[in-house]
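Its first residue numbered 1, the sequence shown is counted upward by one per residue in full-length UniProt numbering. Glycine included, C-beta positions come from ideal geometry on N, C-alpha and C. Because the structure is a prediction, the values reported are computed rather than measured. These notes concern the structure reproduced below.
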Amino acid sequence: MSDTRLHQKRQSGFYMNANGTVTNDCSSAPIYAIRNGVLTATINNVVYYYSTSPGIAYSQFVPSLTP
1 MSDTRLHQKR QSGFYMNANG TVTNDCSSAP IYAIRNGVLT ATINNVVYYY STSPGIAYSQ
61 FVPSLTP
């Protein structure tokens, strides 16, 4: 097997935007990041935070505008 074949990208060209609609426009897809243990999603230059309180075993996956 050639080295080139081992390193081929597999991209479908489709993205899921914030409301769950599939599109081929990457500009409407959220950008997720984890910084200092905090999960964020940036959508149209607005940062949404996903977090919970210490000791909480599980919580709904709901974004907030406040960290």
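- Valine 38 is bridged by DSSP to Arg35.
- For the pair threonine 52 and isoleucine 43, the Cα-to-Cα distance works out to about 21 Å.
- Contact between proline 67 and tyrosine 50 is ruled out by a C-beta separation of about 10 Å, above the 8 Å threshold.
- The alpha-carbon separation between glycine 13 and glycine 20 amounts to approximately 16 Å.
- Taking C-beta separations shorter than 7 Å and ignoring five residues to either side along the sequence, the partners of valine 38 in its chain run Tyr49, Ser51 and Pro67, following chain order.
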